[in-house]
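Per UniProt numbering, numbering through the sequence shown is continuous, rising by one, with the last residue being 869. For each residue, glycine too, the CB sits at the ideal point set by N, CA and C. Written below as structure tokens is the structure these notes are about.
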Amino acid sequence: MATNPSWVVLKFGGTSVSSRGRWETIAEVISERLTEEATGRVMVVCSALSGVTNQLEEIIAQAPRGAHHEVLAAIVQKHLRLGDDLGVDAELLLHEEFSALERLALGASLVGEVSPRVQAQILSCGELMSTRLGAAFVGGLLKEVRWMDARTLLRTVAEPHASLRRRYLSAACEASIDRELQARLAGASERVVMTQGFIASNDAGESVLLGRGGSDTSAAYLAAALQAERLEIWTDVPGMFSANPRQVATARLLKRLDYAEAQELATMGARVLHPRCLGPVREHNIALHIRCTPEPRQEGTVIAAQAVGQGPQVKAVSAKHGVTVISMETLGMWQQVGFLADTFAVFKEHGLSIDMVATSESEVSVTLDPMANALDPAALARLQRDLGRTCKARIVEGCAVVSLVGRQVRSILSQLAPALNVFEEQQIYLVSQSASDLNLSFVVDEAQADRLVSRLHQLLFGEQGPDALFGPSWEELSGRVLPQAPFADAWWRGRRDELLKLAEQGATYAYSPETLRTQAARLTSMASIDRVFFAIKANPNPEILRLLEARGLGFECVSPGEVAHIRELFPQLETGRLLFTPNFAPRREYEQGFEAGAMVTLDNLYPLEAWPEVFEGREVLVRVDPGQGAGHHRYVRTAGPKSKFGVSVEELPRLAELAEQINLKVVGLHAHVGSGVRRAGTWSSTAVFLAQCRAHFPDVRWLNLGGGLGVPERPGQEALDLGAVDASLAEFKKAHPTLELWLEPGRFLVSEAGVLLARVTQLKTKGAYHYVGLETGMNSLIRPALYGAYHAIVNLTRQGEAPEVEAEIVGPICESGDVLGHARWLPRCAEGDVLLLANAGSYGRAMSSRYNLREPAAEVMLPALELGE
Ligand code: ADP
Ligand code: ASP
Ligand code: MG
């Protein structure tokens with residue numbers, strides 16, 4: 001029973017409190033709630049500004065070395081700037097926190113460490129600062145806002161035996177009704193209370209935290225304490241989706257979930273809700289709504305006791321990263337009594353909470369969740385040592401749990417069979433299915449997780465249309481509702497008329513010289529990189545090659561045909577700009593490479609053993625397999641034992657020996673981890689790895705770090721931070737000033753510069769499916785069929801018109817796989833409309849064919865734009 005007047009609790013996350021626009025929305029939402037009769041009072045719980053808790057953690061990391069000043073200044077600046085935008089005096093309002101941070105960081109630098117107690121004090125400043133600014137701003141508009149310190153509202157449960165980290169950084173409160181608090185607040189004249197998420201106090205009145213992402217949990221405890229009508233969690237996406245929408249654009253909004261399902265989703269990695277926030281609302285039967293601050297009119301997800309539908313159903317696919325797997329083999333004592341009890345006791349001694357368990361007769365595997373455990377290498381080594389008393393323990397770090405979440409997942413196992421094919425090529429460390437039958441989880445290498453989620457989602461929900469449970473897809477929402485149209489800044493939006501004219505000639509690849517130049521300049525201006533080679537397999541179009549040659553780039557070729565192509569175009573090209581990297585090529589090709597004056601890369605011992613005379617007295621690079629693959633699909637992951645590329649590290653000593661025998665100098669080392677990588681640290685890890693391999697090869701002066709630089713392909717995907725790549729490589733270079741660093745990108749240079757234009761030929765509707773036929777298909781662009789690659793598709797003729805139908809975009813080829821885009825939201829198309837497929841400059845025309853004896857699209861380099869136009 002709700003008391004009178006009843007409360008509604010609103011929680012706003014980091015991105016929801018970081019700008020004036022968002023605070024205006026917050027003020028509007030609060031005033032709307034105040035006017036709703038049932039909810040006379042509003043408790044507003046806020047996170048720190050986006051990124052601030054991470055910056056405070058950075059202070060904790062840097063302060064012991066006295067190196068915190070820069071990040072502290074950045075935090076202060078961020079708040080002063082927001083204060084300015086909000087028209088409130090941040091200097092005055094935040095004086096206390098600014099000086100507390102100075103003092104705490106200085107203390108840490110003097111003693112050289114930061115205890116969990118002090119960490120909690122430092123981290124609590126983030127929420128204190130955001131709410132002080134917010135309360136001043138909203139208070140100015142609504143006049144009845146009271147700022148309260150959450151440490152006077154939430155008291156944590158004492159856990160005297162828990163670790164200090166747990167007690168200060170990841171504490172819990174009791175989810176009980178707090179009549180004393182209700183009475184205290186009933187007396188206040190203001191109807192709105194604004195307080196901090198994430199922070200609470202312990203029995204001693206000290207600041208303690210509820211774990212990273214814990215503001216959701218604060219709000220849930222307060223909703224329980226106040227017997228709120230409703231808890232609303234306001235974030236940056238309009239609800240819980242069938243997968244992380246920022247990763248899977250076709251993920252659909254889940255309109256309604258019950259508590260158990262939402263709990264399962266949150267636990268299995270759907271970050272939008274903190275796993276601990278569901279307990280309190282469930283216990284007190286308080287409905288939880290997820291809403292979107294950038295799109296306050298969207299209805300979002302409602303989580304309550306009753307979900308939609310009763311039958312078995314998979315509702316979402318999620319992934320949890322940074323998981324550690326521990327496999328424990330018994331010491332040969334089958335049917336031994338107490339093995340599990342003894343083994344698990346060791347985890348308890350170490351204060352580690354186990355997440356998933358799978359057992360067989362001789363082996364037990366468990367996972368440790370990084371959210372719940374402090375897993376530094378020393379802690380893991382101690383655990384392994386103590387587990388040695390009862391078993392042989394193997395620790396695998398860097399895993400991810402990929403889960404299918406829903407109801408009665410077990411009963412639909414047979415339907416999952418096709419979906420499980422995606423695991424064929426993956427090593428699965430552990431499979432587990434919850435007793436509640438709400439999830440089925442697979443533990444795999446972290447590098448595989450995102451791709452697996454996309455594949456599983458496609459297989460399980462590819463056919464899913466909107467219904468009572470599933471709402472619109474993220475793609476649809478971002479295309480239709482969210483303010484930014486996908487690829488709003490793309491060059492082709494500004495050249496629409498020219499492109500429409502070009503398309504009158506038939507299907508065409510069009511290339512933008514400006515984009516090619518920009519991408520080339522971005523790479524050649526990286527201070528840490530000495531040479532850039534264009535991997536011409538991505539696009540050997542002569543005009544593109546000429547443009548890149550003129551900008552000083554070299555070329556990486558993988559066949560004698562490519563080498564000859566370059567030599568024909570640039571007969572005078574210096575040797576240092578031509579790289580030949582064959583793989584499983586016949587003897588003759590190596591000879592041709594040397595004859596053509598290319599630098600040759602060797603990626604096997606076989607050529608040296610079988611044809612030593614070809615290599616005698618020469619210089620080569622050696623391609624090394626770094627062991628772990630990364631990339632967007634298994635065919636483009638080019639490292640690890642399952643990949644055919646590179647020499648394994650174990651074979652390097654033998655290679656060095658063979659080289660010495662024939663006076664062959666290894667002057668460069670090369671590694672390439674995969675394609676479409678957007679993690680900035682990838683290339684510096686490769687550099688570090690190659691530098692270690694140098695021990696076998698004293699003549700090495702070049703490190704070729706490969707390519708694989710990804711570009712954003714789906715709406716909302718973040719671009720690779722090239723500045724961060726450069727900075728991390730600059731660090732490496734400081735330590736190895738004599739080594740030259742090379743990159744050999746393909747996609748990064750040409751992908752965004754190219755678009756494929758094709759006209760609509762026919763339309764068809766079958767049941768709920770709309771098909772839009774194009775004049776060309778997989779004969780021009782095979783990537784969607786081959787890799788499941790995603791290309792944004794826009795109806796150029798109707799640019800600016802609102803999307804109305806969800807369509808399959810298909811070509812004329814006699815293959816059911818001839819689908820260029822699946823479930824795309826477009827304006828209604830008509831025969832003759834020109835559709836544009838974005839990011840088609842790499843591996844588009846280069847991989848095209850005359851399959852079905854249909855000519856693939858032609859190619860056109862657009863004229864350079866006049867400056868000043
Ligand atoms: P806040 O700062 O508002 O607490 P979070 O970053 O903690 O926001 O959570 C929101 C993010 O959760 C979204 O931006 C989205 O990327 C991520 N997310 C992961 N899985 C899901 C899912 N299944 N549905 C919705 N969002 C998800
Ligand atoms: N600011 C805290 C964090 O980033 C808590 C939260 O936002 O939920 O972890
Ligand atoms: Mg959050």
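Helix, strand or coil for M847 per DSSP?
Taking the sequence shown and counting its residues from 1, one reaches residue 847 at position 847. DSSP places M847 in helix when its eight states are reduced to three.
Taking the C-alpha atoms as reference points, what is the distance between E24 and R230?
One-based indexing of the sequence shown puts residue 24 at position 24. One-based indexing of the sequence shown puts residue 230 at position 230. Straight-line Cα distance between these residues: approximately 22 Å.
Count the other C-beta atoms from every protein chain shown that fall within 10 angstroms of the C-beta of D603, then say buried if there are 16 or more, exposed otherwise.
On the sequence shown, residue 603 is found 603 positions in, with the first residue counted as 1. With 16 or more other Cβ atoms within 10 Å, it is buried.
6 Å CB neighbourhood of Q484 in its chain, flanking five on each side removed
Within the sequence shown, numbered from 1, the residue matching residue 484 stands at position 484. Reliability of the predicted coordinates at Q484 is poor, the pLDDT of 40 falling under 50, and the value obtained from them is presented with this limitation in mind. Cβ within range, chain order: n/a, list empty.
Whose C-beta lies closer than 8 Å to the C-beta of L49 among residues of the same chain, with five residues either side of it excluded?
Here residue 49 corresponds to residue number 49 of the sequence shown, with the count starting at 1. Taken in chain order, the residues that qualify are G14, V17, S18, K78, H79, L82, G126, M129 and S130.
Going by DSSP, name the residue or residues bridged to T156.
Along the sequence shown, one-based indexing puts residue 156 at 156. BP columns for T156 point to C173.
Between A792, D203 and A659, which has its C-alpha nearest R167's C-alpha?
Position 167 of the sequence shown, counted from the first residue, corresponds to residue 167. Ranking the options by Cα distance to R167, first place goes to D203.
Return the CA-CA distance between N839 and R747, expressed in angstroms with no decimal places.
As a working mapping, residue 839 is identified with position 839 in the sequence shown. As a working mapping, residue 747 is identified with position 747 in the sequence shown. Approximately 9 Å between the Cα atoms of the pair.
Presumed contact (8 Å Cβ cut-off) between S687 and L741, rounded CB distance:
Numbered from 1 along the sequence shown, position 687 holds the residue referred to as residue 687. Numbered from 1 along the sequence shown, position 741 holds the residue referred to as residue 741. According to the sequence displayed, residue 687 carries Ala and not Ser. The C-beta separation of A687 from L741 comes to about 7 Å, placing the pair in contact by the 8 Å criterion.
So what's M129 in DSSP terms, helix, strand or just coil?
Counted from its first residue, the sequence shown places residue 129 at position 129. Here M129 sits in helix by DSSP.
Which residues bound the alpha helix (DSSP H) around V71?
Locating residue 71 in the sequence shown gives position 71, counting from the first residue. DSSP places V71 inside the alpha helix (DSSP H), whose first and last residues are H69 to L86.
Would you grab the beta carbon distance between H736 and A691 for me? Rounded to a whole angstrom, and I think it's under 8 Å.
To locate residue 736, count along the sequence shown from 1; it is residue 736. To locate residue 691, count along the sequence shown from 1; it is residue 691. About 6 Å separates the two Cβ atoms, so the contact holds.
For S176, which residues from the same chain have a beta carbon less than 8 Å from its beta carbon, with the 5 sequence-adjacent residues on both sides left out?
Counting from 1 along the sequence shown, the entry for residue 176 is found at position 176. A224 and A225.
Between T235 and the ligand ADP, is the CB less than 6 Å from at least one heavy atom?
The residue labelled residue 235 in the question sits at position 235 within the sequence shown. Yes, since a heavy atom of the ligand ADP falls inside the 6 Å radius drawn around the Cβ of T235.
At what residue ranges does the region 771-831 contain a whole run of the beta strand (DSSP E), taking only runs of 3 or more?
793-795, 805-810 and 819-826
Who are the Cβ neighbours of V314 in its own chain at under 6 Å, not counting the five residues just before and after it?
What you label residue 314 is simply residue 314 of the sequence shown in a count that begins at 1. These residues qualify, in order along the chain: L404, G406 and L460.
I'd like to know whether the C-beta atoms of R759 and V805 end up nearer to each other than 7 Å.
The count along the sequence shown starts at 1 and reaches residue 759 at position 759. The count along the sequence shown starts at 1 and reaches residue 805 at position 805. Contact: no.
Say yes only if the C-beta of M268 is nearer than 6 Å to one or more non-hydrogen atoms of the ligand ADP, and no if none qualify.
Here the question's residue 268 lines up with position 268 in the sequence shown. Incorrect: M268 has no Cβ contact closer than 6 Å to the ligand ADP.
So what's Y429 in DSSP terms, helix, strand or just coil?
In the sequence shown, counting from the first residue as 1, residue 429 sits at position 429. Y429 falls in the coil class under three-state DSSP.
Applying the 10 Å Cβ sphere with the 16-neighbour rule, what's the burial state of L110?
Taking the sequence shown and counting its residues from 1, the one referred to as residue 110 is at position 110. L110 should be labelled exposed.
Below 6 Å, is the gap between the Cβ of T156 and the nearest heavy atom of the ligand ASP?
Residue 156 sits at position 156 when you count from the first residue of the sequence shown. No, the Cβ of T156 stays beyond 6 Å of every heavy atom of the ligand ASP.
8 Å contact criterion, which L729 and R678 should meet: CB distance rounded:
As a position in the sequence shown, residue 729 is number 729, starting the count at 1. As a position in the sequence shown, residue 678 is number 678, starting the count at 1. L729 to R678, Cβ: 16 Å. No contact.
Three-way DSSP call (helix, strand, coil) for H672 in this model:
The residue given as residue 672 occupies position 672 in the sequence shown. Coil.
For V366, I'd like the list of residues in its chain whose CB is within less than 7 Å of its CB, leaving aside the five on either flank, ordered along the chain.
For the purposes of this step, residue 366 is taken as residue 366 along the sequence shown, with counting starting at 1. Excluding positions up to five away in sequence, the list reads I326, I354, M356 and V357.
How far does the beta strand (DSSP E) with K255 in it reach, from first residue to last?
The sequence position of residue 255 within the sequence shown is 255, counting from 1. Taken as a continuous stretch (DSSP letters only), K255 belongs to no beta strand (DSSP E), as it is neither H nor E.
By Cβ distance, which residues of its chain are closer than 7 Å to V700, with the 5 residues on each side in sequence left out?
The residue labelled residue 700 in the question sits at position 700 within the sequence shown. Same-chain partners within the cutoff: V666, V667, G668, L669 and R694.
Kindly list the residues whose CB is nearer than 8 Å to the CB of D258, restricted to its own chain and excluding five residues on each side of it in sequence; keep chain order.
Counting from one through the sequence shown, the residue named residue 258 turns up at place 258. Once the five neighbours on either side are set aside, the close Cβ partners of D258 are I303, A304, A305, Q306 and A307.
Quick one: what's got a C-beta closer than 7 Å to D89's C-beta in the same chain, skipping five residues either side?
Residue mapping note: residue 89 aligns to position 89 of the sequence shown, counting from 1. The residues are G83.
Could you pull out every residue in the same chain whose Cβ sits closer than 7 Å to the Cβ of L142, ignoring the five residues on either side in sequence?
For the purposes of this step, residue 142 is identified with residue 142 of the sequence shown, where counting begins at 1. Excluding sequence neighbours, L142 sits near A27, I30, S31 and V192.
State yes or no: is the C-beta of S411 within less than 7 Å of the C-beta of P312?
One-based indexing of the sequence shown puts residue 411 at position 411. One-based indexing of the sequence shown puts residue 312 at position 312. Taking 7 Å as the Cβ cut-off, S411 and P312 qualify as a contacting pair.
For D445, list the residues DSSP reports as bridge partners.
Numbered from its first residue, the sequence shown carries residue 445 at position 445. Looking at the DSSP assignment, D445 forms a beta bridge with C399.
Should Y606 be labelled buried (16 or more other beta-carbon atoms within 10 Å of its own) or exposed?
For the purposes of this step, residue 606 is taken as the residue at position 606 of the sequence shown. Exposed.
In chain order, what residues of the same chain have a beta carbon less than 8 Å from the beta carbon of T601, not counting five sequence neighbours either side?
Counted from its first residue, the sequence shown places residue 601 at position 601. So the qualifying residues of the chain are L579, F580, T581, P582, V620, L621, V622, R623, G668, H670 and N704.
Determine, using beta carbons only, whether N779 and R854 come nearer to each other than 7 Å.
Residue 779 sits at position 779 when you count from the first residue of the sequence shown. Residue 854 sits at position 854 when you count from the first residue of the sequence shown. Yes, they are a contact pair.
Give the straight-line distance between the Cα atoms of D625 and R252, rounded to the nearest whole angstrom.
The residue labelled residue 625 in the question sits at position 625 within the sequence shown. The residue labelled residue 252 in the question sits at position 252 within the sequence shown. Roughly 39 Å between the two C-alpha positions.
Under a Cβ-count criterion, where at least 16 other Cβ atoms within 10 Å of its own Cβ denotes burial, should V114 be classed as buried or exposed?
The residue given as residue 114 occupies position 114 in the sequence shown. Buried, since its Cβ has 16 or more Cβ neighbours within 10 Å.
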